[in-house]
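J.:
2 protein chains.
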Amino acid sequence: MNCLDEARPLGAHAGCSHHVAGEDCRLCLVRPLSVCAALEPAEWASIEKMSTDVRFEERATIVHESDDVIALFTITAGVVRLVRTLHDGRRQLTGFALPGDFLGLSLERTWTFSIEAITPVTVCRFGRAALMEYVDQKPHFLMRLHEMATHELSLAQDHMVLLGRLTAEEKLAAFLLEIRRRWARIEGHASHHIPLPMGRQDIADYLGLTIETVSRTINQMQRAHQLVIVPDGVRLLNIDYFEQLCP
Amino acid sequence: MNCLDEARPLGAHAGCSHHVAGEDCRLCLVRPLSVCAALEPAEWASIEKMSTDVRFEERATIVHESDDVIALFTITAGVVRLVRTLHDGRRQLTGFALPGDFLGLSLERTWTFSIEAITPVTVCRFGRAALMEYVDQKPHFLMRLHEMATHELSLAQDHMVLLGRLTAEEKLAAFLLEIRRRWARIEGHASHHIPLPMGRQDIADYLGLTIETVSRTINQMQRAHQLVIVPDGVRLLNIDYFEQLCP
DNA sequence: GACTCGCATTGATACAGATCAAACCATACG
DNA sequence: CGTATGGTTTGATCTGTATCAATGCGAGTC
Numbered sequence: 016m017n018c019l020d021e022a023r024p025l026g027a028h029a030g031c032s033h034h035v036a037g038e039d040c041r042l043c044l045v046r047p048l049s050v051c052a053a054l055e056p057a058e059w060a061s062i063e064k065m066s067t068d069v070r071f072e073e074r075a076t077i078v079h080e081s082d083d084v085i086a087l088f089t090i091t092a093g094v095v096r097l098v099r100t101l102h103d104g105r106r107q108l109t110g111f112a113l114p115g116d117f118l119g120l121s122l123e124r125t126w127t128f129s130i131e132a133i134t135p136v137t138v139c140r141f142g143r144a145a146l147m148e149y150v151d152q153k154p155h156f157l158m159r160l161h162e163m164a165t166h167e168l169s170l171a172q173d174h175m176v177l178l179g180r181l182t183a184e185e186k187l188a189a190f191l192l193e194i195r196r197r198w199a200r201i202e203g204h205a206s207h208h209i210p211l212p213m214g215r216q217d218i219a220d221y222l223g224l225t226i227e228t229v230s231r232t233i234n235q236m237q238r239a240h241q242l243v244i245v246p247d248g249v250r251l252l253n254i255d256y257f258e259q260l261c262p
Numbered sequence: 016m017n018c019l020d021e022a023r024p025l026g027a028h029a030g031c032s033h034h035v036a037g038e039d040c041r042l043c044l045v046r047p048l049s050v051c052a053a054l055e056p057a058e059w060a061s062i063e064k065m066s067t068d069v070r071f072e073e074r075a076t077i078v079h080e081s082d083d084v085i086a087l088f089t090i091t092a093g094v095v096r097l098v099r100t101l102h103d104g105r106r107q108l109t110g111f112a113l114p115g116d117f118l119g120l121s122l123e124r125t126w127t128f129s130i131e132a133i134t135p136v137t138v139c140r141f142g143r144a145a146l147m148e149y150v151d152q153k154p155h156f157l158m159r160l161h162e163m164a165t166h167e168l169s170l171a172q173d174h175m176v177l178l179g180r181l182t183a184e185e186k187l188a189a190f191l192l193e194i195r196r197r198w199a200r201i202e203g204h205a206s207h208h209i210p211l212p213m214g215r216q217d218i219a220d221y222l223g224l225t226i227e228t229v230s231r232t233i234n235q236m237q238r239a240h241q242l243v244i245v246p247d248g249v250r251l252l253n254i255d256y257f258e259q260l261c262p
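Protein sequence lines correspond, in order, to chains P and U. Take 16 as the starting number for the first sequence in the working numbering and just add one per residue. Take 16 as the starting number for the second sequence in the working numbering and just add one per residue.
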């Protein structure tokens, strides 16, 4: 059982709390970014009835690899990591999810990765059964899910290239530009300032490197005056440098 | 323009030839494995009208990265590789497609990888426009595409773990067991004999290694009596050894 | 049979990134 | 304030895999 379990009494679980009141799709800041962008305003009421806001503390495990899928959700605030762990403790992050990202595209019975809160997180939660029914009734909603899934697949292939064929320096450059692009989509404009809420170890496990190599590479880039390390992330000084590193 | 271009006159292109007559879904050997498994026998006639068999020679490029998607297809015989190439020539294979595998899950406008025939290949070709229309009319067919796409996504995540966190020996073991499992699905039973129609360079580019490391690792396994190299692939002597290498 | 041609294998060496170890530096807390 | 604590940085060294360079070998061809 986890925080997304439908049967769980409100507030009965450490690390999360429900805010049943207050969801209002009209006010949703991430709607244009999310799966809900496929819906007409007239359809908001129907999906609103299926949804519940849930909050998680920093470091909470939202779902555990191989848990049953009881609910699916959109991140409305905060950042999570998607984690696969090997028996001996080696980790590979398959991605980060930012506000607007939907988790549970697959409609399958069990999760294939853990989802862990990097910052305090708010999600808009949908019960699996209700959403499955909704999908059956609204083919254009299924089409939207399918488009999102195949887009994810294309990004996964990009990441395979990164993991299999790029150097540490190229991996870091690609990572920083990826995160920059994703913040830009959320904020509506690109900035040279890139918040990095995830720690060095998470970046390492996402890029297939060690924490030391991540640290050294970022600090080399700083010494080369390509970026500045700031308390919450980095500021890029020379975008061209990073773009030229992406082959 | 490529071999799958709808407007292309029959036989006008090197490396492929149409066999317009002869498709018969009732006789299709890969149907139970393919996207068509979602269809009722009564629906076969409708999809049969949209499909054409096309053959490609060994080494033919079936589609090129960034080509427009004019047609989608199911592999009915032979093996292809899915290739991403960097500007400087580094390659990453994102997968191999075997008989029964569907290519074009994404329904997007352009391909994000090249598709190249490793052996002589036969495909069952569907025009994109016709298939899109079909999808609109048959939500259960879209659901089948979506399930296949999310399954692919899960496999892509497995492959990220392989590329980011496994050693050369573990990568090879995982690769051999993957190919074994896929042949077993096609043939109906698992065998210790694993045909490997792809060359060492393809294996290397799939696993994020060099051809030398692939060759050395396989030959080490042979010297350790865990497998035997045979003309068309390998024969596993000790399945346990390979399974224990998959963490 | 001799000669390509396109892989695959093997050997010697180099190096990018891992590993091991220690120091650093915020932040939290008694 | 001093002192844990958890993450980050830096340094020294090691090593798995890449790189460079031959050599081997089977299939096709003249």
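No residue lacks a Cβ here, since even glycine has one placed at the ideal position from N, Cα and C.
For Ala164(U), return the contacting residues in chain P, with the cut-off set at a CB-CB distance below 7 Å.
T.: His161, Ala164, Thr165, Leu168, listed in chain order.
J.: Using beta-carbon positions only, say whether Phe141(U) and Ser66(U) come within less than 8 Å of one another.
T.: Yes, they are a contact pair.
J.: Listed from N- to C-terminal order along the chain, which residues in the segment 89-110 of chain P have their beta-carbon within a distance smaller than 7 Å of any beta-carbon of chain U?
T.: Taking 7 Å as the Cβ-Cβ cut-off against chain U, the residues of the segment 89-110 of chain P that qualify are Arg99, Leu101, His102, Asp103, Arg105, Gln107, Thr109.
J.: Relative to the C-alpha of Gly93(P), which candidate in Thr182(P), Ala75(P), Ile226(P) has its C-alpha closest?
T.: Nearest of Thr182(P), Ala75(P), Ile226(P) to Gly93(P), Cα basis: Ala75(P).
J.: Tell me which residues share the same chain as Met163(P) and place their Cβ nearer than 7 Å to its Cβ, disregarding the 5 neighbours each side in the sequence.
T.: Closer than 7 Å at Cβ, skipping near neighbours: Val50, Phe117, Leu120.
J.: Report yes if the C-beta distance between Glu193(P) and Leu260(P) is below 8 Å; otherwise report no.
T.: No, they are not a contact pair.
J.: Against chain P, does Val84(U) count as a neighbour if the rule is that its beta carbon must be under 8 Å from one of theirs?
T.: With 8 Å as the cut-off, Val84(U) does not count as an interface residue toward chain P.
J.: Quick one: residues in its chain with C-beta nearer than 6 Å to the C-beta of Thr89(P), no 5 flanking neighbours on either side, listed in chain order?
T.: If we look at Thr89(P) and ignore the five residues flanking it on each side, its Cβ neighbours are Ser49, Phe117, Cys139.
J.: Helix, strand or coil, according to DSSP, for Ala132(P) in the structure here?
T.: Ala132(P) falls in the strand class under three-state DSSP.
J.: Whole angstroms is fine: what's the gap from Phe128(U)'s alpha carbon to Leu168(U)'s?
T.: About 15 Å.
J.: Buried or exposed: which applies to Val78(P), given that a residue is buried once 16 or more other Cβ atoms fall within 10 Å of its Cβ?
T.: So Val78(P) counts as buried.
J.: Mind listing, in chain order, the continuous alpha helix (DSSP H) runs of no fewer than 4 residues lying wholly within the segment 49-130 of chain P?
T.: Within the segment 49-130 of chain P, the complete alpha helix (DSSP H) runs of at least 4 residues are 59-65.
J.: Name the DSSP bridge partner or partners of Thr137(U)?
T.: According to DSSP, which records beta bridges pairwise, Thr137(U) is partnered with Arg70(U), Ala92(U).
J.: Just checking my contact of Glu73(U) with Ala132(U) at CB under 8 Å: how many whole Å lie between their CB atoms?
T.: Glu73(U) to Ala132(U), Cβ: 6 Å. Contact.
J.: Given this structure, state the Cα-to-Cα distance separating Ile85(U) from Asp220(P), to the nearest angstrom.
T.: Taking the straight line from one Cα to the other gives about 38 Å.
J.: Looking at the C-beta of Gln172(P), does it have a partner C-beta in chain U at a distance below 8 Å?
T.: Yes, its Cβ sits closer than 8 Å to a Cβ of chain U.
J.: Does Gly223(P) get closer than 8 Å to chain U when you measure Cβ to Cβ?
T.: Chain U, which has a Cβ nearer than 8 Å to the Cβ of Gly223(P), makes this yes.
J.: For a contact meaning CB atoms closer than 8 Å, what does Val45(U) contact in chain P?
T.: Neighbours of Val45(U) on chain P: none; closest Cβ ~22 Å, over 8 Å.
J.: Excluding sequence positions up to five away, which residues of its chain have a Cβ less than 7 Å from the Cβ of Arg215(P)?
T.: Here the set comprises Ile226, Val229, Ser230.
J.: Hey, could you find the ends of the alpha helix (DSSP H) Leu251(P) is sitting in?
T.: Note, Leu251(P): premise wrong, no alpha helix (DSSP H); beta strand (DSSP E) at 248-251.
J.: In the structure shown, what three-state DSSP assignment does Gly214(U) receive?
T.: The answer is coil: DSSP assigns Gly214(U) none of H, G, I, E or B.
J.: Using the three-state DSSP reduction, which class does Gly179(U) fall into: helix, strand or coil?
T.: The answer is helix: DSSP assigns Gly179(U) an H, G or I state.
J.: Going along the chain, which residues of its own chain have a beta-carbon closer than 7 Å to the beta-carbon of His301(U), five neighbours each way excluded?
T.: Coverage of chain U is limited to positions 16 through 262, which leaves residue 301(U) absent and any answer about it impossible.
J.: Under 7 Å: does the beta carbon of Val45(P) sit that close to some heavy atom of the ligand COA?
T.: Absence of the ligand COA from the depicted structure is noted, as is the absence of any ligand whatsoever, leaving it without description.
J.: Answer yes or no: does any C-beta atom of chain U fall closer than 8 Å to that of Leu252(P)?
T.: No, no contact with chain U.
J.: Where Arg105(U) and Val136(P) are concerned, what is the direct C-alpha to C-alpha distance, given to the nearest angstrom?
T.: Each residue's Cα considered, the two are about 39 Å apart.
J.: Hey, is Thr127(P)'s beta-carbon within less than 8 Å of any beta-carbon in chain U?
T.: Yes, because at least one Cβ of chain U sits closer than 8 Å to the Cβ of Thr127(P).
J.: If you draw a straight line from the C-alpha of Asp217(P) to the C-alpha of Glu202(P), how long is it?
T.: Near 23 Å, if we compare the C-alpha coordinates of Glu202(P) and Asp217(P).
J.: So what's His166(U) in DSSP terms, helix, strand or just coil?
T.: The answer is helix: DSSP assigns His166(U) an H, G or I state.
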